[in-house]
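Enquirer:
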Amino acid sequence: MKDRIPHGLLAVALILSMLAGCADDDQQDREIRLAHVLTDNHPVHHAMVRMAELLDEKTQGQLTLNIRHSAQLGAEKELIEKVQAGQIQMTKVSSNALESVVPEMGIFTLPWLFRDEQHYHGVLADDIGQEILAKLETVGLKGLTYYDAGSRSIYARDPIRGIEDLRGLNIRVQPSPTMIRTMEALGAIPKSIPFGPELTQALSRGQLVTAAENNIPSYQTEEHYRSCPHFFMTEHSRAPDVLIMNLRAWESLNDEQQLALQEAAAASAEYHKHLWAEATRELQDDLRDKGVQFTTDVDIAPFVEAVRPIYEQLPDWRREWVERIWEAQ
Ligand code: GCU
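In terms of this note's numbering, the sequence shown opens at residue 10 and continues consecutively.
(1) Let's see if you can read the secondary structure: which residues bound the beta strand (DSSP E) around Q302?
(2) For V102, does the three-state DSSP call read helix, strand or coil?
(3) Would the beta-carbon of V102 be found less than 8 Å away from any heavy atom of the ligand GCU?
(4) Using the DSSP secondary-structure output, state which residues sit across from Y129 in a beta bridge.
(5) Going by C-alpha distance, which of E265, V110, P226 is nearest G149?
(6) Starting from R317, trace the alpha helix (DSSP H) in both directions and tell me its first and last residue.
(7) Where are the beta strand (DSSP E) runs, 3 residues long or more, that stay fully inside the region 150–224, in chain order?
(8) Mapping the DSSP letters down to three states, classify S412 as helix, strand or coil.
(9) What residues in its chain sit with their C-beta under 6 Å from that of T305, if we drop five residues either side in the sequence?
(10) Could you check whether the region 235–250 touches the region 159–172, counting it as contact only if at least three pairs of C-beta atoms, one from each stretch, sit closer than 8 Å?
(11) Applying the criterion that 16 or more other CB atoms from any shown protein chain within 10 Å of the CB defines a buried residue, is N223 buried or exposed?
(12) With distances taken Cα to Cα, identify the nearest neighbour of P318 among E329, T230, L195.
(13) E108 by DSSP, collapsed to three states: which one?
(14) Below 8 Å CB to CB, which residues in the same chain sit around A211 once its five sequence neighbours on both sides are set aside?
(15) Taking the straight line between their C-alpha atoms, what separation do you get for L65 and Q322?
(16) Could you please give me the residues that DSSP links to H281 through a beta bridge?
(17) Going by beta carbon distance, what residues of the same chain come within less than 7 Å of A84, once the five residues before and after it are set aside?
(18) Just how far apart, CA to CA, sit L107 and G115?
(19) Taking DSSP as the reference, what is the three-state secondary structure of E232?
(20) Quick check: what's the CA-CA separation for V53 versus A276?
(21) Return the bridge partner residues of N255 from the DSSP annotation.
(22) Take R328 as the anchor and find which of M188, D294, F117 has the nearest alpha-carbon.
(23) In this structure, how does DSSP classify A44 when only helix, strand and coil are distinguished?
(24) Would DSSP call D325 helix, strand or coil?
(25) For I309, which of P120, I97, T68 has the nearest alpha-carbon?
(26) Drop a sphere of 10 angstroms on the beta-carbon of R113, count the other beta-carbons inside from all chains shown, and report buried for 16 or more, exposed for fewer.
(27) Closest to W330 by CA distance: which of D49, K101, D136 is it?
(28) May I ask you to report which of helix, strand or coil DSSP gives L262?
(29) Decide yes or no for the touch test of the region 225–236 against the region 296–305: beta carbon pairs closer than 8 Å, at least 3 of them.
(30) Whose CA, out of H128, N105, T100, lies closest to the CA of W335?
(31) Considering only the beta carbon of each residue, do L43 and I97 sit closer than 9 Å?
(32) Out of E146, M188, K67, D325, which one is the CA nearest neighbour of R247?
Shown next, in the form of structure tokens:
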């Protein structure tokens with residue numbers, strides 16, 4: 010039977026199946042899938058939408074970004090794994106979530122590491138930030154840019170007046186060994202819960218955890234203020250968000266496409282700085298109107314004292330990074 014199929018027909022079938030294959034490859038090349046856990050009203054999401062627009066313009070539609078928000082494709086830990094496995098091409102996660110994959114990412118988590126916002130921005134933009142970003146390549150990831158994620162503070166169901174109120178407090182943290190260590194040093198009991206609906210529910214039930222720590226935009230967009238209206242401005246950590254891509258997917262792009270993507274990512278991070286500053290200001294007013302009690306005049310001296318052993322016990326490789334960061338202007 011097979012012998013009787015005319016050669017012409019076989020050739021057509023072969024060409025058609027090759028074309029179908031090409032169409033698939035093209036499709037994959039053109040569409041970059043980016044998943045993250047933040048809601049679509051979060052400033053970081055808006056910045057990534059801007060990146061998608063810029064990329065589309067720069068490549069005349071050759072490369073497009075398909076963005077899935079709100080943890081639709083999983084929590085940060087899963088998203089990192091999916092990007093490493095090539096199931097999706099990109100994600101945006103907190104540097105705290107990357108610490109278990111690239112230990113250097115945990116440097117930023119260290120409590121009260123940066124002098125101020127300017128110092129933090131300078132370090133990320135300069136050699137130190139770029140060297141740490143490049144470490145991602147050792148685990149099959151390309152680091153494209155940092156996004157400002159401001160400072161993290163503690164919020165709870167009950168009022169917090171000082172360090173004594175942290176004793177025995179069940180607080181949600183990210184899966185970051187450095188953050189876990191920090192909360193323990195402050196006397197709290199850290200519990201790792203994935204960011205997203207599960208966390209919002211856990212906080213509203215108030216059984217497993219009665220407190221959490223995050224930046225103001227995430228506190229507001231996840232509606233954590235509903236169950237935790239006491240916001241205590243410790244600003245204990247400045248851990249940036251990081252945009253990462255599967256390294257093979259990055260390497261499969263041609264030079265112009267890589268440049269376009271790199272430029273679109275950098276421009277969106279710059280645009281985001283403005284969005285962030287505006288959002289943080291406006292959201293505080295909005296949250297006050299909703300009944301949130303902000304304690305802004307926190308005396309952090311006893312907190313810094315409590316975490317001193319973390320710095321005293323730093324392994325050499327970490328101490329070197331910390332010293333470089335402290336020396337940076
Ligand atoms: C920040 C960060 C998120 C992260 C979250 C968390 O809001 O932007 O990427 O998921 O912290 O606490 O897990």
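All C-beta atoms, glycine included, are put in the ideal place defined by N, C-alpha and C.
Expert: In brief:
(1) Within the sequence shown, residue 302 is the residue found at index 293, counting from 1. Element bounds for Q302: 302–304.
(2) Position 93 of the sequence shown, counting from 1, holds the residue named residue 102. Strand, per DSSP.
(3) Reading the sequence shown from its first residue, position 93 is the one you call residue 102. V102: yes, Cβ under 8 Å from the ligand GCU.
(4) Taking the sequence shown and counting its residues from 1, one reaches residue 129 at position 120. Its beta-bridge partners do not exist; DSSP assigns none.
(5) Against the sequence shown, residue 149 aligns to sequence position 140. Ranking the options by Cα distance to G149, first place goes to V110.
(6) Working through the sequence shown from its first residue, we reach residue 317 at position 308. 317–321 is the extent of the alpha helix (DSSP H) around R317.
(7) 150–156, 161–165, 179–182, 198–201, 220–223
(8) The structure shown does not extend to residue 412, since the chain spans only 10 to 338, so no value can be given for it.
(9) By one-based count along the sequence shown, residue 305 stands at place 296. Residues of the same chain with a CB within less than 6 Å of the CB of T305, apart from the 5 flanking positions on each side, are M242 in chain order.
(10) Yes, they touch.
(11) Locating residue 223 in the sequence shown gives position 214, counting from the first residue. Classification for N223: buried.
(12) In the sequence shown, counting from the first residue as 1, residue 318 sits at position 309. Per the Cα distances, L195.
(13) For the purposes of this step, residue 108 is taken as residue 99 along the sequence shown, with counting starting at 1. In the structure shown, E108 adopts coil according to DSSP, grouped into three states.
(14) Translated into positions along the sequence shown, residue 211 becomes position 202. Here the set comprises R181, I202, L217, V218.
(15) To locate residue 65, count along the sequence shown from 1; it is residue 56. To locate residue 322, count along the sequence shown from 1; it is residue 313. The amino acid at residue 65 is misidentified as Leu; the sequence shows Asp. Answer to the nearest angstrom: the Cα atoms are 48 Å apart.
(16) Translated into positions along the sequence shown, residue 281 becomes position 272. In DSSP, H281 forms no bridge with anything.
(17) Numbered from its first residue, the sequence shown carries residue 84 at position 75. Taken in chain order, the residues that qualify are V46, P203, F204, G205.
(18) Residue numbering aside, residue 107 sits at position 98 when the sequence shown is read from its first letter. Residue numbering aside, residue 115 sits at position 106 when the sequence shown is read from its first letter. Taking the straight line joining both Cα atoms gives about 8 Å.
(19) The residue given as residue 232 occupies position 223 in the sequence shown. Looking at E232 - three-state DSSP - the assignment turns out to be coil, as it is neither helix nor strand.
(20) Indexing the sequence shown from 1 puts residue 53 at position 44. Indexing the sequence shown from 1 puts residue 276 at position 267. For V53 and A276, the distance between alpha carbons rounds to 13 Å.
(21) For the purposes of this step, residue 255 is identified with residue 246 of the sequence shown, where counting begins at 1. N255 pairs with L150.
(22) Translated into the one-based positions of the sequence shown, residue 328 becomes position 319. Checking every option, the nearest Cα to that of R328 belongs to F117.
(23) Here residue 44 corresponds to residue number 35 of the sequence shown, with the count starting at 1. Here A44 carries a strand assignment [DSSP, helix/strand/coil].
(24) Here the question's residue 325 lines up with position 316 in the sequence shown. If DSSP states are grouped into helix, strand and coil, D325 belongs with the helices.
(25) The residue labelled residue 309 in the question sits at position 300 within the sequence shown. Nearest option by C-alpha distance: P120.
(26) The residue given as residue 113 occupies position 104 in the sequence shown. First, the residue type needs correcting, since residue 113 is Glu and not Arg in the sequence shown. Burial call: buried.
(27) Translated into the one-based positions of the sequence shown, residue 330 becomes position 321. Selected option, being the one with the closest Cα: D136.
(28) Here residue 262 corresponds to residue number 253 of the sequence shown, with the count starting at 1. Residue state, collapsed to three classes: coil.
(29) yes
(30) The residue you call residue 335 lines up with position 326 of the sequence shown. Comparing Cα positions, the closest option is H128.
(31) As a first step, residue 43 must be located in the sequence shown, where it is residue number 34. As a first step, residue 97 must be located in the sequence shown, where it is residue number 88. Yes, the pair counts as a contact, with Cβ atoms nearer than the cut-off.
(32) Along the sequence shown, read from residue 1 onward, the residue named residue 247 stands at position 238. Considering only alpha carbons, the answer is M188.
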